[in-house]
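For the sequence shown, the residue numbers in mature numbering (1 follows the signal peptide of the UniProt record, and there is no 0) are -24 to -1, 1 to 279. Report on the structure given below.
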Amino acid sequence: MHPSAAKFLLLLVAAASSFLSVASHGLPPRQLKRNASCLPHERDALLAFKGNITSDPEGILSSWRRGRNDCCRWMGVTCSNQTGHVLELDLNYRNLTGQISPSLLSLEHLEHLDLGTTFLSGHDGRFPEFLCSFKNLRYLDLWMLSFASRLPAQLGNLSTLEYLDLAHAYSLPSEVPPQLGNLSNLRHLGLASNYLYTTDISWLVRLHQLEYLEMDGINLSTIDNWLHVVNMIPSLKSLSLQNCSLPRANQSLTHINLTKLEMLDLSMNYFGHPIASSWFWNITSIQFLRLSSTYLYGPFPMH
């Protein structure tokens, strides 16, 4: 073998050995990721939350025991691999009954809280206003809970929130607070309810990133400019205003901003005019259109 070829082969072997050594031992120590265990005070906060649960028919919280110190392995709990802080609490569809304990405030790094479709509430059935104190919360789902109190204006303090669903979460009349317009990062807003009401939706135009808006059942009969308001949210992809008693006034737009809209539900609103004159025909991005019980009549437009 030529001396230069032998030298090249030796270099290849050395390089391969170095590669295998790194592959066997992983990344250099300062780049390694470790799976941190949960913090004791956050574990205690979760146990205090469990202590306020009066019924858990599916045994979802059976893994939540003091003997199992690592709460990051408990059902419904997700932690940071680096710090061990609890980041997510997801108990959706778990049929839990009881009170939402203020002990959750100890989960200061919580980003995701999903208690939807449970039978939980705050003290005396009221909305647990302490939930409005989380500084890092990005996702809050309380869908189908049944609060017997007002919708707190303090929800507008959750400045990092991207997802908020309060649909069918109220059993008593409550006004939608305009402070929700402060949630500038919001992408999903679910407010469907027969108990929520409002006389002003102009705050919606401040939600510049909003993609999903559901206000089914909310009486909007006094808001003549509803169409012009929603037309000022060009980021919208899904709009549902089913059974909102929408007024017929100003049902035209000189310029369409809703160029990303894919789903539109206006069913169960009385319009009673020729369907061909409707404003939404100029939105070419629509893939799903629901107009049942709107009393629109006549032929569809030809274009």
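Don't be surprised by glycine CBs; every beta carbon is placed ideally from N, CA and C. This one's a predicted model, so the numbers in the text were calculated from it and none came from an experiment.
- Count the C-beta pairs between the stretch 72 to 81 and the stretch 40 to 56 that are closer than 8 angstroms, then say yes if the count reaches three, no if not. no
- Query: If we count Cβ pairs, one from each stretch, closer than 8 angstroms, do we get three or more for the stretch 100 to 108 versus the stretch 59 to 67?
  - Reply: no
- Beta-bridge pairing of residue 245 - partner residues as DSSP gives them: As a working note, residue 245 is residue 269 in the sequence shown. Paired residues: none, contrary to the question.
- Query: Is the beta carbon of residue 267 less than 9 angstroms from the beta carbon of residue 228?
  - Reply: The residue you call residue 267 lines up with position 291 of the sequence shown. The residue you call residue 228 lines up with position 252 of the sequence shown. No. Outside cutoff.
- Query: Closest to residue 110 by CA distance: which of 134, 120 and 92 is it?
  - Reply: Numbered from 1 along the sequence shown, position 134 holds the residue referred to as residue 110. Closest option to residue 110, Cα to Cα, is 134.
- Item | Other residues of its chain near residue 30: CB distance less than 7 angstroms, five sequence neighbours each side excluded | Residue numbering aside, residue 30 sits at position 54 when the sequence shown is read from its first letter. Excluding residues within five positions, the ones whose Cβ falls inside 7 angstroms are 73 and 74.
- Look at the alpha carbon of residue 142 and the alpha carbon of residue 122, and state the distance between them as a whole number of angstroms. The count along the sequence shown starts at 1 and reaches residue 142 at position 166. The count along the sequence shown starts at 1 and reaches residue 122 at position 146. Going by the C-alpha atoms only, they are around 10 angstroms apart.
- Item | Pick from 176, 205, 184 and 116 that is closest to residue 195, judged by C-alpha positions | Taking the first residue of the sequence shown as 1, we reach residue 195 at position 219. The candidate whose alpha carbon is nearest that of residue 195 is 176.
- Query: Skipping 5 residues on each side, what residues in its chain have a beta carbon closer than 7 angstroms to that of residue 46?
  - Reply: Translated into positions along the sequence shown, residue 46 becomes position 70. Cβ neighbours of residue 46 beyond the five flanking positions: 13 and 14.
- Distance, residue 239 Cα to residue 263 Cα: As a first step, residue 263 must be located in the sequence shown, where it is residue number 287. As a first step, residue 239 must be located in the sequence shown, where it is residue number 263. Computed Cα separation, rounded: 6 angstroms.
- Item | Start and end residues, alpha helix (DSSP H) containing residue 184 | As a working note, residue 184 is residue 208 in the sequence shown. No alpha helix (DSSP H) contains residue 184, which DSSP labels as neither H nor E.
- Message: Considering only the alpha carbon of each residue, which of 174, 183 and 204 lies closest to residue 192?
- Response: On the sequence shown, residue 192 is found 216 positions in, with the first residue counted as 1. Answer by Cα proximity: 174.
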